[in-house]
Structure formats: C-alpha cells, structure tokens
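Peer 1: Structure in structure tokens, see below.
There are 2 protein chains.
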Amino acid sequence: MPKARLTPASVTEAAAALVDEVGFDNLSMGLLAERLGIKTPSLYKHVSSQADLAHRIAILAMTEAGDVIRDAIQGRSGSDALAAGAQAMRTYVREHPGRYTAANAVRPTGPDDPFIPASERVLASWAAMLSGYGLDPGQEIHAMRTLRSVLHGFATLEAAGGFQIDTSVDESFTWLINFIDQGLRAGASTGAR
Amino acid sequence: MPKARLTPASVTEAAAALVDEVGFDNLSMGLLAERLGIKTPSLYKHVSSQADLAHRIAILAMTEAGDVIRDAIQGRSGSDALAAGAQAMRTYVREHPGRYTAANAVRPTGPDDPFIPASERVLASWAAMLSGYGLDPGQEIHAMRTLRSVLHGFATLEAAGGFQIDTSVDESFTWLINFIDQGLRAGASTGAR
DNA sequence: CACAGCGAGCTAATGCGATTAGCTTAAGGC
DNA sequence: GCCTTAAGCTAATCGCATTAGCTCGCTGTG
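Laid out in structure tokens, this is it:
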C-alpha cells in the first residue's frame, strides 16, 4: 500500500475546520483541496461526493457535541446539570458554527446510518439530565422537545446574528436556562401541564 | 410599454410557492422559469440574481408572517394572545417551509433593506403580546429572546423532521406554549429571574 | 392609421464548481 | 529487486447561474 497521507477521517476533520471558518454554505471542494495541498479531483479518493463529505462532518459534529454535553452533565444533577449541559452545547455551537449547521442539514441516509446513534447519544444525555427533575413520564417527551427547541433555537439565532447587540446575549442565555429550570421544577411538583 | 405579464412581485410569488414545494435548497432558476413558462435567462428581466430572488422571498415571508401573527394576537391578551400567536406562527411555517427557510437564510443588505422593517413588525407583535404579562422591564428582552428561541427552534426542528413520530407533535406544542405561559406568569409575579 | 421606442423574451455563449475517466508513480509486501 | 495498489494528477463533462445581444409585439403619439 502506498503512503497514506490523507484518510477519509483526516479530510473530514479538515473540512470541519474549514466549514467553521467560512460557513457551511461556502464549503467547496476546491477550497478544501487547496487547504489540503492537493487538487480538487483527488478529494474523491477519500470521499465519494460533497454530500458525503457534509454527511461525515455532520456525524463528526454530532459525536463531538454528544461528548461535550455528556461530559458537562457528568457528575451533576438537576439545575446544575441543565445549566452545565446547556452552556456546553452553546459553547460548542459558537466554536463550531459550520459543524453545527452541517449536523442540522443532514437527514439520515438509512437505518444503519452512524448519524443516528450519534444523535441518539445527544438525546440520551438530555434525557438523563431531565430525569433528575422527576417529571411525570407522560410529560418527559414534551419537556424534551421543548428543551431541544429552546437550545436549538437560541443557538441558531445567535449563530445567524439574530440578536441585536444591545443587551448581553450571555445574560439572556442564563436567564433562559433559569426560566426552563423553574418551569421544570414547577412541572415536577405539579405534575400538571 | 409592452405587455406586463410578469413583474418582480409575481415572479417572487411564484418562486415562493415553488420553494414551499421543493425546498429552499432545491430552488433553481431553471425550475422557476419552467413554472412560469419562460426560458431561464428571461428571469433576469425581473430579478437581478438568484440571491436577489431569495432576498425577495425572505421579505415576502417575513411580511406574511408578521401579518399572520399580528392578526392572531389582535383582540387577545395574556395566555390567549401567546397561544394564538404561537399557533399562528407554527401554522405559517408548516404551510410555508420554504419561505420560512428563505427568511432565515437572509442577512439584511443594508440599513434601508425592507427586510428590516418586516422583521421588526414581527418582533413588535411579540413585544406587544409579552407586555400583557407585565414583566419587569429588564426582563423583557430576555423573555423575548427566549420566546423567539423556542418558537424558532420548534418550527425548525419540526420542519426538518427532527421529531420522531411516536408522540403527537401538536400535543408537544401546546405543552410548550403552556410551559412558557406558566413561566411568564410566575416571572411576572416574582419579578425575579 | 402609421410609427417609434421600450422592454419582455429568446438564443448563444461564458464561467464556475462538482464530478468522472484514465494515466502516473511511489510505497509497501513478497 | 519486482509488483500491486492506491493517491494524486490532468483532461474532459455536466449542470446551473449569469451575460450579451437580437427580435418583435405592444403602446402611446402624431
């Protein structure tokens, strides 16, 4: 076998870094090739298409995000776990906006797509965190969806520059986390919607 | 003046309808031209580029969404206004996913971009609705951002098929609205974060 | 009623980015 | 030291956005 300078994994890693710099929409095979010091067609020796590349970036991103969130929640519970997990996710998205966009641009290609377990790991972390609130089992799915909605929505809006710079966005995010925490505590005690 | 079959407005309208069918990412000048019964280059007599077209769709979408939300909130207050406004927005996004994507893909081109007043109208409706909760003035910005985050996040995730079909998404949305309503009421009485 | 101009639409051509075909060559296993 | 294999290259194709320049019908005017 000849020298293995580049691999699908290393190409994906480089593409992920690139996408965080220039934005997911501005990813091009030519730009990536230039970064890697090779000609554009040579990329096809490692990834089968640009869609494939985007898909690999998405899996990478989802895996990294899953790790970061799990580590943040690790050893904490209740409000602390929520705050740590949410902050970890926001930090990840801020540092890797392109990767995050890629992760959200992807649809699983089939039942054995590695993207599926990767995203399930993220969901599992959130579920573990939520379980600490002792919600009514029937409520958990709704709480989960609400949580995902706020976090995803905030991250997306922030990444898109959707918030005016007047008031601190950091402050808004802690306020938001607190808001969710209060609601979950209340919901747990009430058991009602 | 020759016959005015097509105008920038009518082309934009057709493009908006198209984008809702095929998805924003699959919009192409060729496809739109075909729909309009003209050849691709003729489109450039009405819009200056595909980016221009996308921008016009975004303005249209933001304007329509603003109308829909304003009308829903009209004559209601408090929980009712929140529920009606949120439902109106979700309905709009479900019926016009392509338009909504376009609206979020756009950055204002300058200080006199008509997109700016259009989006401000949306924000103004939410602000009017929130004022009914009598929040502490310092909290309003955070509440607004939180509200936008949940609604945007939910709409986006739903449009992307991010929710598994197991449990009713409608139910989750009413739960979410209720969750926000409870939180806002509590925040109003407490005045605390 | 003839006519002059404008502008919508058309065809032909350009350019860029993704992708494919086929060649070349260096490296690792025998 | 040879032989296979695959990484990388050049040349070519394709699709899609965009530009250039022509044409012709409508409309307002004399």
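Sequences listed follow chains A and B, in order. When you line the first sequence up against the working numbering, it's residues -7 to 185, in that order. When you line the second sequence up against the working numbering, it's residues -7 to 185, in that order. All C-beta atoms in this analysis are idealised placements derived from N, C-alpha and C, irrespective of residue type, glycine included. Please read these numbers as outputs of a predicted model, since none were measured by experiment.
For arginine 113 of chain A, decide whether its Cβ has a neighbour in chain B, counting only Cβ atoms nearer than 8 Å.
Peer 2: no
Peer 1: Taking just the CA atoms, how far does leucine 52 of chain B sit from isoleucine 108 of chain B?
Peer 2: 12 Å
Peer 1: Measuring CB atoms only, is the stretch 92 to 105 of chain B touching the stretch 44 to 63 of chain B, in the sense that at least three cross pairs come out at less than 8 Å?
Peer 2: yes
Peer 1: Kindly list the residues whose CB is nearer than 8 Å to the CB of glycine 195 of chain B, restricted to its own chain and excluding five residues on each side of it in sequence; keep chain order.
Peer 2: No answer is possible for residue 195 of chain B: the residues shown for chain B start at -7 and end at 185.
Peer 1: Check glycine 102 of chain A in the structure and name its three-state DSSP category.
Peer 2: DSSP places glycine 102 of chain A in coil when its eight states are reduced to three.
Peer 1: So with Cβ pairs under 8 Å, would you call isoleucine 49 of chain B a contact of chain A?
Peer 2: no
Peer 1: At 8 Å on the CB atoms, spell out the chain B contacts of isoleucine 133 of chain A, in chain order.
Peer 2: Going along chain B in sequence order, the residues near isoleucine 133 of chain A (Cβ under 8 Å) are Asp158, Thr159 and Ser164.
Peer 1: What in chain A is Cβ-close to histidine 144 of chain B, meaning under 7 Å?
Peer 2: By Cβ distance, chain A contributes Gly145, Thr148 and Leu149.
Peer 1: Checking contacts by CB at 8 Å: is glutamine 79 of chain B closer than that to chain A?
Peer 2: no
Peer 1: Run through DSSP, which three-state label would lysine 31 of chain A get?
Peer 2: coil
Peer 1: Return the chain-ordered list of same chain residues with a C-beta closer than 8 Å to the C-beta of proline 247 of chain A, the five sequence neighbours on each side being excluded.
Peer 2: Residue 247 of chain A lies beyond the range of chain A shown here (-7 to 185); nothing can be said about it.
Peer 1: Using a Cβ cut-off of 8 Å (strictly closer), state whether alanine 1 of chain A contacts chain B.
Peer 2: So, not an interface residue.
Peer 1: With the cut-off set at 8 Å, would you say isoleucine 133 of chain A and serine 71 of chain B are in Cβ contact?
Peer 2: no
Peer 1: Could one say the Cβ of serine 141 of chain B lies closer than 8 Å to chain A's Cβ atoms, at least one of them?
Peer 2: yes
Peer 1: What does glutamine 42 of chain A reach in chain B if we use C-beta pairs closer than 7 Å?
Peer 2: Per Cβ cutoff of 7 Å: no residues; glutamine 42 of chain A is ~13 Å from chain B at best.
Peer 1: Look at isoleucine 61 of chain B and valine 114 of chain B and say whether their C-beta atoms are less than 8 Å apart.
Peer 2: yes
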